[in-house]
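Okay, structure first, notes after.
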Amino acid sequence: MANKENGRKFTRYKLLGIAAGVFIAVGIVLAGLWAAEKNCDAAVQELPGVKFVRQVVSQDNQTGRTVMWQTEKPMNAPGVEYRLFGDGAGDSKKVAAKAENFTDDGVTVTLYTAELTGLPQGKQLEYRIIGSDGAGPWHSLQLDAGKGFSALIFPDSQSNNYSGWKSLAQGAAERHPQAEFFINMGDLVDNGEDHRQWTAWLDSVEGIIDRIPVAPVMGNHETYNMDWKVRQPAAYLQEFAVPGNGSSQYNRFYYSYDYGPVHFIVLNTQQGELEELSPELLAEQIAWFRRDAAASAKPWKVVLMHKDPLQYRIHNRPERTEGFSEEGQIWMPLFDEVGIDAVLSAHLHTYRNRGHIKNFQHAADGPLYILTGVAGNVRYPGLWIDHALDEYVAPQPETDNYMVMEASQEELNFFAYLSDGTLLDHAVVKH
Ligand SMILES: [Fe+2]
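This is the structure we're talking about:
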């Protein structure tokens, strides 16, 4: 009996001990979660006044990246600290940032640019903004590993309310977390001088642009002032320190960069708007284009241009015939000449896949031409009459869309999606 009683007591004590252990363990886990949440809260706090931390593509993204941000009041000793991802105990390096005061639309901000070069090739890094007042949270930075990649492509995001653009961009980034950079095809904003619109655009890509770089394309709306007259695209040029093109007059107007097996050539198609202000823009750019394309040994060459090379008829405008726009007449023979593989365009706010075109007609060995669609809330329902070269036209009237590009040594794949992730179209280019 005594042994039985002792056995029961032992079992009770054992159960009590287990319960106490479980209680303590749960407490430790909850405390850990609470602490993690506190740390997380702390991690999202930037340095006082630091806004819109962003990455911009470098010419060579295997070893370089540009980091920018802005403040309302100048900060002291601004810079970027970086290290291998998750290597808290390892060495970090610091790079000083260039600070520039920029006044536009009656608002002055200080813009900071840190060009990170000589980075460990293809590695995943993390970086943070530093200044004399401390340091901000770490952000991830993935360098180009030189192999295949996936990228997000957004058509015109210009809007009078940027909430649609925000949900499109955030949804696409969530759905395609593997994307290593994103392209915005021009007309990022409706008015290039409107400070509030730039703020809305940057706010819409928070959480994306700090961890993957943007490759912007200049559109005609970037050249408009508040009176809707043409001006130099001062805000666009300041907001994104894209790779230099060697031009003394038109630096950052057009540029090129490499990612994985692709050489991207980003053209400026505002020669019409900027004719009086920048008369040599086109001739200079054509000479640069030939040199730039010839100098690249990458297996793929892709052109990004805001204005579409095709011309569409419009109802009740008989003088506007089907054919090729001024930009198409200028550039398409050059694309054939240098062997461009794919041409992405925008401006018309409609998604169309025209297949391969050479010498102004369908030809399997010409570049693939895709008009990328619309990502903002400015839409032209039923405006365009289908072009004989259109092979796929998005369902009408159109809603927002985005694209994903997947590149490998063997293939370029272009996928078009509605904002909810519904696949619209798929095109592939093979050698
Ligand atoms: Fe446009």
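Under numbering that gives the first Met the number 0, the first residue of the sequence shown carries the number 0, and numbering increases by one thereafter.
Every residue, glycine too, gets a C-beta built ideally from N, C-alpha and C.
In this structure, how does DSSP classify residue i when only helix, strand and coil are distinguished?
| i | result |
| --- | --- |
| D335 | helix |
| K300 | strand |
| Y391 | strand |
| Y253 | coil |
| N159 | coil |
| T421 | coil |
| T222 | helix |
| L382 | coil |
| E114 | strand |
| D90 | coil |
| K165 | helix |
Can you list, in chain order, the residues of its chain with a C-beta nearer than 6 Å to that of residue i? Leave out the 5 residues immediately preceding and following it.
| i | result |
| --- | --- |
| Y254 | V241, P242, N244 and V265 |
| H346 | H305, K306 and D307 |
| D424 | N352, Y391 and A415 |
| Y350 | G372, A393, N400 and A415 |
Label residue i either buried or exposed according to how many other C-beta atoms from any shown protein chain fall within 10 Å of its C-beta, with 16 as the threshold for buried.
| i | result |
| --- | --- |
| G85 | exposed |
| D209 | buried |
| I384 | exposed |
| Y379 | exposed |
| L411 | buried |
| H386 | buried |
| N267 | buried |
| Q284 | buried |
| G218 | buried |
| D40 | Confidence in D40 is poor, its pLDDT being 40 and thus under 50, which makes the residue's placement too unreliable to answer from. |
Can you round the beta-carbon distance between residue i and residue j to whole angstroms, since I take them to be within the 8 Å contact cut?
| i | j | result |
| --- | --- | --- |
| A341 | V427 | Going by Cβ atoms, the distance from A341 to V427 rounds to 10 Å, so no, they are not a contact pair. |
| F252 | L280 | 7 Å |
| A144 | I207 | Going by Cβ atoms, the distance from A144 to I207 rounds to 20 Å, so no, they are not a contact pair. |
Below 8 Å CB to CB, which residues in the same chain sit around residue i once its five sequence neighbours on both sides are set aside?
| i | result |
| --- | --- |
| H194 | D103, D104, G105, V106 and A234 |
| K297 | D257, P260, V261 and H262 |
| K37 | Because the pLDDT of K37 is 39, which lies under 50, any placement of that residue in the model is unreliable, and the number read from its coordinates should be weighed accordingly. Closer than 8 Å at the Cβ level, and outside the excluded window around K37, lies no residue. |
| W137 | A42, E125, Y126 and R127 |
| F323 | P308, L309, Q310, M331 and F359 |
| V321 | Here residue 321 turns out to be Glu, not Val, going by the sequence shown. Closer than 8 Å at the Cβ level, and outside the excluded window around E321, lie Q310, Y311, R312, I384, H386 and A387. |
| A293 | V337 |
Thinking C-alpha only, which one of the options is nearest residue i?
| i | options | result |
| --- | --- | --- |
| A171 | M184, L151, Q408 and D186 | L151 |
| T371 | T398, Q58, N224 and G206 | T398 |
| L309 | Q328, L118 and P380 | Q328 |
| R289 | S324, F334 and F148 | F334 |
| A199 | A406, V373 and F51 | F51 |
| S246 | N224, L273, G206 and W287 | W287 |
| A362 | G375, V49, L388 and G147 | L388 |
| D186 | E179, G375 and P119 | G375 |
| L343 | L303, V377 and G322 | L303 |
| R53 | S91, N250, A134 and L140 | L140 |
| P119 | Q61, H348, Q395 and Y249 | Q61 |
| P176 | E405, P47 and Y161 | E405 |
| W443 | P47, E205 and G48 | Given a span of 0 to 430 for the chain in the structure shown, any question on residue 443 remains unanswerable. |
| L236 | E192, G147 and S418 | E192 |
| K122 | W227, N250, Q58 and G63 | G63 |
Which same chain residues, not among the five before or five after residue i, have their C-beta less than 7 Å away from its C-beta?
| i | result |
| --- | --- |
| V55 | T65, M67, P212, V213, F239, A240 and V241 |
| Q231 | L276 |
| P77 | A96, A98, Y111 and G130 |
| L190 | Note on identity: in this sequence residue 190 is Asn, with Leu being the wrong assignment. Closer than 7 Å at Cβ, skipping near neighbours: Q196, H220, Y223 and M225. |
| N183 | F153, S156, V213, P215 and V216 |
| E518 | The question about residue 518 has no answer here: the residues shown for the chain are numbered 0 through 430. |
| L273 | T222, V229 and L280 |
| Y161 | A199, W200 and S203 |
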